[in-house]
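Visitor: Residue numbers (the UniProt record's numbering): 1 to 425.
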Ligand SMILES: Nc1ncnc2c1ncn2[C@@H]1O[C@H](COP(=O)(O)OP(=O)(O)OP(=O)(O)O)[C@@H](O)[C@H]1O
Ligand SMILES: [Mg+2]
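1. Would you mind working out which of 74, 81, 86 and 115 sits nearest residue 99, comparing C-alpha positions?
2. Is any non-hydrogen atom of ligand 1 found closer than 7 Å to the C-beta of residue 92, if you look at the structure I gave you?
3. Cβ-heavy atom distance between residue 89 and ligand 1 below 7 Å?
4. So the beta strand (DSSP E) residue 237 belongs to, where does it begin and stop?
5. Count the C-beta pairs between the stretch 375-382 and the stretch 350-362 that are closer than 8 Å, then say yes if the count reaches three, no if not.
6. Count the other C-beta atoms from every protein chain shown that fall within 10 angstroms of the C-beta of residue 192, then say buried if there are 16 or more, exposed otherwise.
7. Taking residue 280 as the reference, which of 102, 343, 234 and 333 has the closest Cα?
8. Give the DSSP-derived three-state secondary structure of residue 24 in the structure shown.
9. Tell me whether residue 250, by its Cβ, gets closer than 7 Å to a heavy atom of ligand 2.
10. Quick one: is the Cβ of residue 247 within less than 7 Å of any heavy atom of ligand 2?
11. Classify residue 132 as helix, strand or coil using the three-state DSSP reduction.
12. Using the three-state DSSP reduction, which class does residue 99 fall into: helix, strand or coil?
13. DSSP three-state label for residue 187, please.
14. Where in the stretch 186-216 do unbroken runs of the alpha helix (DSSP H), each at least 4 residues long, occur, reported from the N-terminal end onward?
15. Taking the alpha carbon of residue 140 as the point to measure from, which residue in 194, 149 and 352 has its own alpha carbon closest?
16. Whole angstroms is fine: what's the gap from residue 179's alpha carbon to residue 404's?
17. Which of the three DSSP states is assigned to residue 390 in this structure?
18. Under the DSSP definition of a beta bridge, which residues are partnered with residue 330?
19. Which residue from 84, 172 and 149 puts its Cα closest to that of residue 185?
20. Kindly list the residues whose CB is nearer than 7 Å to the CB of residue 153, restricted to its own chain and excluding five residues on each side of it in sequence; keep chain order.
What follows is the structure in structure tokens.
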């Protein structure tokens, strides 16, 4: 297994301690020891160094010599909120994170963390990364293989001149939070991938950042470990009210970790919603398709409550969506139900099974209604045990499940924020 690079990250080192020193009297005890606070507040302050902070991004634009990686992006993250940036490869997720962390200099826009403007292109403000009070965890484990676990986590504190014993004590506490205290004195090279990633997470939290930025931290791990750590991450984030921005292109991960999900496409946020809202009401066909909606059909015309599909000419009843000229009908595979032949009701279609894939509790079917209309369906396996490739079958789709959407979310004309954009969509 390849082990991450050992260069200390500048932003993981100094800021919180600078803040603590500013807050504390000269010669004061370690900021980690606050005996007069009640236990719960003490626990929270361990990670927060005070209250969680909100992040506000306005009109953020980042050009890499000709490539616009981030395009007039707006984002509001509430204090203690977990926002997940979800989008396809190359849509600008990492670039956005790097701008917030202070590792890139955007060409336009403003970034505010708490009360403080850390970047303002027009006013010439650019607070360096190590003064922004953000912690960042990357996809690569980035632990120092020649140091022990506790040394890795204590390192940024030591760099900030925290006395050795205090740094160790603080590191052990954070290691406890990620379930790694028992391996504190093990060499970091003797850890599994998941354990290394926990160390990287603990190290980024050790400085009690106001904001935690996580860029696909679990993508190098195997599926089981990823599931376990995802639950742990969410627990830590909720329990300690960490303001966090998490990047992924895995929608399951996004749904599990987010208070709200920001869909990124082409360098901008095209939808910002709770996971449930996003799942049930994607703002465009391309977002629906990215979220696993495989039945995506251009619409030729609207006929009352129905839409006629362009390619097959099949008419599907909807729950009264207004179809625009370039509208697309989107149907989740779970909404395509296998029913008895001759069943009554709207959107009942007869076809044949052309492919069938058993997935455990569910089975995925591809059904040919005719030459030009194939429907994907996901059904409980127990209900289709008698089906095989070639079996005649009948499916039904509830009108409410036929969503008629624009192909893309229109680009806002001026500097409208995401709220205005989703209202316009
Ligand atoms: N240093 C760079 N120089 C030039 N172009 C870059 C640079 N870094 C990123 N880009 C380009 O900017 C765009 C956004 O890249 P970014 O790394 O932010 O994408 P991403 O959403 O994080 O993708 P992934 O999911 O693959 O990590 C891409 O088109 C990429 O090729
Ligand atoms: Mg990336």
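Ideal placement from N, C-alpha and C gives every residue a C-beta, glycine not left out.
Guide: In short, the structure shows the following:
1. 74
2. yes
3. yes
4. Note, residue 237: premise wrong, no beta strand (DSSP E); alpha helix (DSSP H) at 223-239.
5. yes
6. exposed
7. 333
8. The predicted model places residue 24 with a pLDDT of 31, which falls under 50 and marks its position as unreliable, so this point remains unresolved.
9. no
10. yes
11. coil
12. helix
13. strand
14. 193-206
15. 194
16. 46 Å
17. coil
18. 296 and 403
19. 149
20. 171, 174, 175, 199, 202, 203 and 206
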